[in-house]
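Engineer:
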Amino acid sequence: MLQQAELEEKTHDLYLIPKGYTGQVRIIHEIEIAPAPETEGEYDVFRVNDRGYAITSLPQSEGYIEDLYYYVDDKGKREPIPESCISHGGAGGVQGDGYDYSYTYFSVGCEEDITDQGIGPGIEDILYEEGLINQTFD
0 MLQQAELEEK THDLYLIPKG YTGQVRIIHE IEIAPAPETE GEYDVFRVND RGYAITSLPQ
60 SEGYIEDLYY YVDDKGKREP IPESCISHGG AGGVQGDGYD YSYTYFSVGC EEDITDQGIG
120 PGIEDILYEE GLINQTFD
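The letter at position 118 of the sequence shown is residue 117 when you use numbering that gives the first Met the number 0, and the numbering goes up by one with no holes.
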């Protein structure tokens with residue numbers, strides 16, 4: 000008989016975050032023009048930029064969180080981020096005239112980093128930067 004935990008879905012996402020970044024990280028999902036998804040073993044790889052976000056063509060992962068988080072320096076060297084320095088956020092969506100996008104978010108930063116944490120750009124700012132929506136002012 001299978002245990003309950005074996006039946007539940009699990010996330011297997013691997014986040015590569017620029018070394019020294021603290022603040023909210025946002026991943027915008029199901030973007031057709033996003034770079035081809037990368038994988039390492041059973042993990043989907045998300046390369047977060049220095050502004051704290053990534054876009055992907057993949058849908059949101061669902062289930063028990065079994066993700067990996069790394070700081071990456073400019074030479075590509077990885078340093079694991081302790082689980083205690085990750086604050087799991089959640090998921091959301093944003094809709095407008097002709098668009099509908101979903102995103103996930105979490106925060107990275109240990110206690111000593113809390114005062115330096117940034118908010119990062121908003122979802123609609125990211126969509127505008129990536130050319131996914133037009134920004135209009137009334």
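Built from N, CA and C at the ideal position, the CB exists for glycine as well.
Computed from a prediction, not measured in an experiment: that's the story for all the values here.
Let me make sure I understand the geometry here. Which of L131, G130, N133 and L13 has the alpha-carbon closest to that of V71?
Structural biologist: Per the Cα distances, L13.
Engineer: For A53, is the classification buried or exposed, using 16 other Cβ atoms within 10 angstroms of its Cβ as the cut-off for buried?
Structural biologist: By the neighbour-count rule (16 or more Cβ atoms within 10 Å), A53 is buried.
Engineer: Going by CA-CA distance only, name the one from N133, H28, D124 and R25 that's closest to G97.
Structural biologist: The shortest Cα separation from G97 among N133, H28, D124 and R25 belongs to N133.
Engineer: Does the contact criterion of 3 or more C-beta pairs under 8 Å hold for the region 30-40 versus the region 71-82?
Structural biologist: No, they do not touch.
Engineer: Are at least three pairs of beta-carbons, each pair with one atom in the region 77-88 and one in the region 38-57, less than 8 Å apart?
Structural biologist: Counting Cβ pairs under 8 Å, fewer than three are found: no touch.
Engineer: Rounding to the nearest angstrom, what Cα-Cα distance links E8 and F105 in this structure?
Structural biologist: Those two C-alpha atoms are separated by around 19 Å.
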